[in-house]
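**Q** Structure incoming, see below.
Below, the structure is given as structure tokens:
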């Protein structure tokens with residue numbers, strides 16, 4: 001009896017323990033099934049610089065948008081994070097071993113997932129248990145990661161209450177205006193269609209604007225220097241404003257005086273201009289002789305210095321006086337001064353020995369006389385200087401004044417005297 005009671009007690013205790021173990025086993029089994037402990041997977045290790053705030057265990061692993069596994073564990077190492085990826089065996093065979101990973105968010109506010117990016121045209125073998133995968137460090141991936149990080153920082157800065165109020169206000173403002181917005185968008189589309197043909201010209205204008213801006217940028221230092229110098233000029237004007245005011249007043253007074261002068265003498269000035277026309281014409285005609293005349297005067301200065309005894313120690317006039325035969329008394333009509341038409345502008349040497357009793361008794365043809373430059377003879381044959389000299393020789397024999405003889409005397413008589421020595425008595 002006692003033995004039967006002991007067995008019953010032991011049986012009850014075993015049943016009680018079994019009753020406690022079965023629920024615990026069921027709970028563990030449920031957790032193991034949930035954790036996919038009994039699912040065959042291909043374990044791959046992903047090394048990344050950072051996992052991000054929104055990366056969690058059981059996150060999806062995708063290839064071209066298709067889920068091929070999940071993240072089992074996330075741990076850290078010295079220079080980054082280590083993610084254990086559990087890939088489905090039937091899909092892991094299509095993932096090459098040189099695949100690279102990107103950590104992308106599902107939405108702006110959503111959790112991240114692992115996106116495996118196979119290289120184009122990859123011929124590597126499929127991944128297997130223990131394969132190592134690295135994070136994608138290409139330029140596009142880095143830029144995308146930076147954009148997402150900056151967006152996340154911006155969203156963390158925004159206050160949800162204020163953002164909600166702003167969105168509600170926008171919703172209220174746009175409520176019932178859908179048709180109007182649609183028409184505006186259609187009209188904007190028409191504008192853009194008309195603008196499209198002119199986009200090349202617009203682009204060229206912007207390019208030239210950039211060049212123009214660059215030119216301005218290159219010239220800006222000089223422009224700033226000019227403005228700085230102008231400030232100095234401006235300060236000078238300010239400091240001299242009293243003198244400038246007096247100058248303007250004086251200029252106004254001078255202008256008034258000139259106005260009164262021209263008002264009173266305007267007619268006289270006009271008459272003077274008209275009366276001076278003949279004189280100016282004569283001066284214009286003889287203007288070519290002015291340089292030669294001034295040169296002759298300059299050459300005459302040292303000769304006159306010798307006549308006055310410069311450098312001899314005997315001051316006074318040094319001259320040779322020659323007596324000539326008296327020509328008799330003045331005869332009207334014969335000895336009258338005659339002003340002929342002349343031959344235009346002439347250049348006489350210094351000294352000049354004209355005829356009429358004032359020339360030396362002996363004149364050598366070829367010596368510097370009227371119309372000849374000293375040291376160069378009388379110039380070409382039949383020149384004005386030679387003609388004047390021939391008239392001086394011929395006039396006494398014809399009982400005429402040299403100026404009354406024609407300008408072509410040298411043509412007739414010149415060959416007789418050329419190359420000879422002529423003595424005038």
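Numbering (the UniProt record's numbering), first residue to last: 1 to 425. For every residue, glycine included, the Cβ atom is placed at its ideal position computed from N, Cα and C.
Roughly how many whole angstroms lie between the Cα atoms of residue 41 and residue 184?
**A** Taking the straight line from one Cα to the other gives about 56 Å.
**Q** Please state whether DSSP places residue 405 in a helix, a strand or coil.
**A** The answer is coil: DSSP assigns residue 405 none of H, G, I, E or B.
**Q** For residue 96, which beta-bridge partners are listed by DSSP?
**A** In the DSSP output, where bridge partners are listed per residue, residue 96 has 126.
**Q** Based on the DSSP output, what are the partners of residue 134 in its beta bridges?
**A** DSSP lists 47 and 100 as partners of residue 134.
**Q** Please go through the region 206-268 and give each complete beta strand (DSSP E) segment of 3 or more residues, from N-terminal end onward.
**A** Listed in chain order, there is nothing to give.
**Q** Going by DSSP, name the residue or residues bridged to residue 428.
**A** The structure shown does not extend to residue 428, since the chain spans only 1 to 425, so no value can be given for it.
**Q** Out of 43, 28 and 75, state which residue places its alpha-carbon closest to the alpha-carbon of residue 50.
**A** Measuring from the Cα of residue 50, the nearest candidate turns out to be 75.
**Q** Identify, in the order they occur along the chain, each residue of the same chain with its Cβ nearer than 6 Å to the Cβ of residue 32, setting aside the five sequence neighbours on each side.
**A** Closer than 6 Å at Cβ, skipping near neighbours: no residue.
**Q** Answer yes or no: do residue 86 and residue 70 have a C-beta to C-beta separation smaller than 7 Å?
**A** In contact: residue 86 and residue 70 (Cβ atoms closer than 7 Å).
**Q** Distance, Cα to Cα, residue 288 vs residue 403?
**A** Answer to the nearest angstrom: the Cα atoms are 22 Å apart.
**Q** Mind checking residue 387: buried by the 16 CB within 10 Å criterion, or exposed?
**A** The residue is buried, with at least 16 neighbouring Cβ atoms inside 10 Å.
**Q** Report back the beta-carbon spacing between residue 132 and residue 47 to the nearest angstrom; my notes put them in contact at under 8 Å.
**A** Indeed they touch by this definition, with Cβ atoms about 7 Å apart.
**Q** Between which residues of its own chain and residue 356 is the CB-CB distance below 7 Å, once the five residues before and five after are set aside?
**A** Confidence is the limiting factor: at residue 356 the pLDDT is only 40, short of 50, which leaves the residue's position unreliable and the question unanswerable from this model.
**Q** So does the region 115-122 actually touch the region 57-65, counting three or more Cβ pairs closer than 8 Å?
**A** Result yes; three or more Cβ-Cβ pairs closer than 8 Å.
**Q** Taking C-alpha atoms, which residue in 101, 96, 272 and 412 lies nearest to residue 128?
**A** Ranking 101, 96, 272 and 412 by Cα distance to residue 128 puts 96 first.
**Q** Assign residue 59 to one of two classes, buried (16 or more other C-beta atoms within 10 Å of its C-beta) or exposed (fewer than that).
**A** So residue 59 counts as buried.
**Q** Please state whether the Cβ-Cβ distance between residue 54 and residue 111 is less than 7 Å.
**A** Yes, they are a contact pair.
**Q** Roughly how far, in whole angstroms, is the beta-carbon of residue 120 from the beta-carbon of residue 93, given that I think they are within contact range, below 8 Å?
**A** Not a contact, Cβ separation roughly 19 Å.
**Q** Residue 305 lies in the alpha helix (DSSP H); which residues open and close that run?
**A** From DSSP, the alpha helix (DSSP H) with residue 305 extends over 290-307.
**Q** Does DSSP classify residue 105 as helix, strand or coil?
**A** Strand.
**Q** Less than 6 Å separating the Cβ of residue 243 from some heavy atom of the ligand PLP?
**A** This structure lacks the ligand PLP; in fact it carries no ligand of any kind.
**Q** Assuming residue 90 and residue 122 are in contact, meaning their beta carbons sit under 8 Å apart, how far apart are those beta carbons, in whole angstroms?
**A** That belief does not hold up - the Cβ atoms of residue 90 and residue 122 are roughly 19 Å apart, past 8 Å.
**Q** Since residue 12 sits in a beta bridge, which residues does DSSP pair it with?
**A** Partner(s): none; residue 12 has no beta bridge.
**Q** With DSSP as the reference, please indicate the residues paired to residue 413 in a beta bridge.
**A** Bridge partners of residue 413: none, in fact.
**Q** Tell me the residue span of the alpha helix (DSSP H) that contains residue 186.
**A** Run containing residue 186: 178-195, per the alpha helix (DSSP H) assignment.
**Q** Just the C-alpha distance for residue 265 and residue 281, rounded to the nearest angstrom, thanks.
**A** Taking the straight line joining both Cα atoms gives about 24 Å.
**Q** Using the rule of at least 16 other Cβ atoms within 10 Å of the residue's Cβ for burial, across every protein chain shown, is residue 77 buried or exposed?
**A** Residue 77 should be labelled exposed.
**Q** Quick one: grab the DSSP three-state call for residue 116.
**A** Here residue 116 sits in strand by DSSP.
**Q** Going by the beta-carbon positions, is the gap between residue 411 and residue 390 smaller than 7 Å?
**A** No, the pair does not count as a contact, with Cβ atoms beyond the cut-off.
**Q** Using a 10 Å radius around the Cβ and a threshold of 16 neighbouring Cβ atoms, would you call residue 256 buried or exposed?
**A** It counts as exposed.
**Q** Do residue 307 and residue 318 have their CB atoms nearer than 7 Å?
**A** Yes, these two residues count as a Cβ contact at 7 Å.
**Q** In terms of residues, what are the limits of the alpha helix (DSSP H) holding residue 62?
**A** Where residue 62 is concerned, there is no enclosing alpha helix (DSSP H), although the beta strand (DSSP E) it sits in stretches over 60-63.
**Q** Return helix, strand or coil for residue 337, following the three-state DSSP convention.
**A** DSSP places residue 337 in coil when its eight states are reduced to three.
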